[in-house]
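Here's the structure, in structure tokens; my notes come after.
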Amino acid sequence: MSCPSPFCTLKFDNVSNQYCLCLPPSGTNCRQFHCDKHCPYNYSIDKKTGCPHCACNSCPPLLCSKNCTYGLKRNDVGCPICVCESNFTSTTEIILHSWPRQCQSGSFSYSNGEIWFDGCRQCLCHKGEQLCALISCSTPKCSQPVHLSNRCCPSCPDMPMLPEPIPSSQVCYASQYVTGEELEFDKCTKCICLHNIAFCSISLCPPFPCSSPIYDSSLCCPICPKTSESSSITDISNINEDVCILDNSMIKHAGELWKTDDCQSCLCPNDGSGQIKCFSQICNQYLPCSNPVLKKGQCCPFCLPPTAAVAVCIFNFIQYRSGEHWNVSECHHCECSLGTIVCHQHKCPMLTCIHTVTLSGHCCPICRDQLSFINDRDM
1 MSCPSPFCTL
11 KFDNVSNQYC
21 LCLPPSGTNC
31 RQFHCDKHCP
41 YNYSIDKKTG
51 CPHCACNSCP
61 PLLCSKNCTY
71 GLKRNDVGCP
81 ICVCESNFTS
91 TTEIILHSWP
101 RQCQSGSFSY
111 SNGEIWFDGC
121 RQCLCHKGEQ
131 LCALISCSTP
141 KCSQPVHLSN
151 RCCPSCPDMP
161 MLPEPIPSSQ
171 VCYASQYVTG
181 EELEFDKCTK
191 CICLHNIAFC
201 SISLCPPFPC
211 SSPIYDSSLC
221 CPICPKTSES
231 SSITDISNIN
241 EDVCILDNSM
251 IKHAGELWKT
261 DDCQSCLCPN
271 DGSGQIKCFS
281 QICNQYLPCS
291 NPVLKKGQCC
301 PFCLPPTAAV
311 AVCIFNFIQY
321 RSGEHWNVSE
331 CHHCECSLGT
341 IVCHQHKCPM
351 LTCIHTVTLS
361 GHCCPICRDQ
371 LSFINDRDM
């Protein structure tokens, strides 16, 4: 990696990612400022003063050596990514949306483009939505797992402390996805690749009063089967003011549901007993993969769907994905087709003149008389 300007120096952040730190334009006196935001794309520049201020850039500095016939693709934030467009798209067709400027995580607010560590994983504020890295977690081998606040993965109550999980790097392979590229595993799990890590949408499912919820592929959250376990829930407005009192003296009304952690949901029944009934989610202990992952907010680890292999081509030390085109010279045009480089030479028409000339940037020669005509036309 290199910086595009002599006024920029190469730095390393606290997670060993490289970024360029640039000085303000010459003639601008900028005061030093303190900012506790971690901005992978550097601080944004105030248009009035020309100085950096405590806000994150939404787009990464693009270091891309590809020569694309139809230009580079852009993600849905409008940032260019190092992937060639397959056909021409007018810049007027790119619609930039007005996204929320901040993300809320607990009691903290983060600006778009900002990355933070929540104690278990890195998270990213992207278009006003919190996206977090997938972490590798083993499936708890018990019927009533818990998700303790001091542990990153669900565990059994009697399980000893395990090493901290690591972000799953099996999603954003360097040979498949580039920084800023977005992908979806299903309609409920969308991710964006950044530094070969997939930052994915978090799980925001409501509590459910059963131990074995049903997973429906058409729904993002599991639902309880229609059994006696869940039939005791009624509309709070139609019951007596019976309450349950928690250990911290908090009051829950009859029929009210809440989560104690990502694995356990509790219910205050409407039978007047005041006895809290809790349900621990049961995880599938026999997953068909060796390295299950966990989304933030989920109880049970899951297997990633098989990622379709993306064949790539290497030409002059530049990597191209299948379907990308590039020009080798004015007369030679190449394409990556499923890992194979296919090149074509432009066929020039036969000329009937004796004296020919080839213009700079063109492949085929033209008659010198035609060149005179072009010069007269442009005058």
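Following the UniProt record's numbering, the numbering of the sequence shown begins with 1 at its first residue and continues without gaps. Quick reminder that beta carbons are idealized off the backbone N, C-alpha and C, glycines included. Just so we're clear, the structure is a prediction, and the values are computed from it rather than from any experiment.
For residue i, count neighbouring Cβ atoms within 10 angstroms of its own Cβ and tell me buried if that reaches 16, exposed if not.
i: threonine 189; result: buried
i: serine 360; result: exposed
i: lysine 226; result: exposed
i: histidine 147; result: buried
i: glycine 180; result: buried
i: leucine 294; result: buried
i: valine 243; result: exposed
i: cysteine 156; result: exposed
i: proline 209; result: buried
i: aspartate 262; result: buried
i: glycine 27; result: Confidence at glycine 27 is low in this model, with a pLDDT of 48, below 50, so the placement of that residue is unreliable and no value is reported for it.
i: arginine 31; result: exposed
i: isoleucine 135; result: buried
i: phenylalanine 108; result: exposed
i: tyrosine 286; result: exposed
i: methionine 1; result: Unreliable positioning characterises methionine 1 in this predicted model, as indicated by a pLDDT of 45, which lies under 50. The coordinate reading is nonetheless provided below. That one is exposed.
i: proline 305; result: exposed
Can you name the start and end residues of the beta strand (DSSP E) that residue i belongs to?
i: proline 213; result: Segment: none, proline 213 is in no beta strand (DSSP E) and carries neither H nor E.
i: arginine 121; result: No beta strand (DSSP E) contains arginine 121, which DSSP labels as neither H nor E.
i: tyrosine 43; result: 43-45
i: histidine 355; result: Note, histidine 355: premise wrong, no beta strand (DSSP E); not H, not E.
i: cysteine 146; result: As written in the sequence, residue 146 is valine, which differs from the cysteine given in the question. It is not in any beta strand (DSSP E) - valine 146 carries neither H nor E in the DSSP assignment.
i: alanine 198; result: 197-201
i: histidine 253; result: 251-253
i: proline 52; result: 52-56
i: glutamate 335; result: 332-337
i: glutamate 324; result: Element bounds for glutamate 324: n/a, residue is neither H nor E.
i: isoleucine 192; result: 189-194
i: cysteine 244; result: 243-245
i: lysine 296; result: Lysine 296 -> no beta strand (DSSP E), and no H or E assigned at all.
Determine, using beta carbons only, whether residue i and residue j come nearer to each other than 8 Å.
i: glutamate 114; j: cysteine 56; result: yes
i: threonine 139; j: proline 292; result: yes
i: leucine 131; j: serine 44; result: no
i: cysteine 367; j: threonine 358; result: no
i: cysteine 348; j: proline 365; result: yes
i: phenylalanine 199; j: leucine 124; result: yes
i: leucine 257; j: proline 207; result: yes
i: histidine 346; j: cysteine 336; result: no
i: leucine 204; j: glycine 297; result: yes
i: cysteine 82; j: cysteine 64; result: yes
i: isoleucine 276; j: cysteine 289; result: no
i: cysteine 120; j: cysteine 152; result: yes
i: tryptophan 116; j: histidine 38; result: yes
For residue i, which residues does DSSP report across the bridge?
i: lysine 277; result: Leu267
i: serine 360; result: In the DSSP output, where bridge partners are listed per residue, serine 360 has none listed.
i: serine 109; result: Gln104
i: glutamate 129; result: His126
i: histidine 344; result: His333
i: glutamate 85; result: DSSP output for glutamate 85 lists no bridge partner at all.
Should residue i be counted as a contact of the ligand SAH given a C-beta to heavy atom distance under 7 Å?
i: proline 269; result: Here there are no bound small molecules, and the ligand SAH is not part of this structure.
Exercise for the section: Count the C-beta pairs between the stretch 269-281 and the stretch 206-226 that are closer than 8 Å, then say yes if the count reaches three, no if not. Expected result: A contact exists between the stretch 269-281 and the stretch 206-226.
Handout entry: the stretch 312-328 / the stretch 248-268 touching (three or more Cβ pairs under 8 Å)
Key = By the Cβ criterion, the stretch 312-328 is not in contact with the stretch 248-268, since fewer than three pairs of Cβ atoms, one from each stretch, lie closer than 8 Å.
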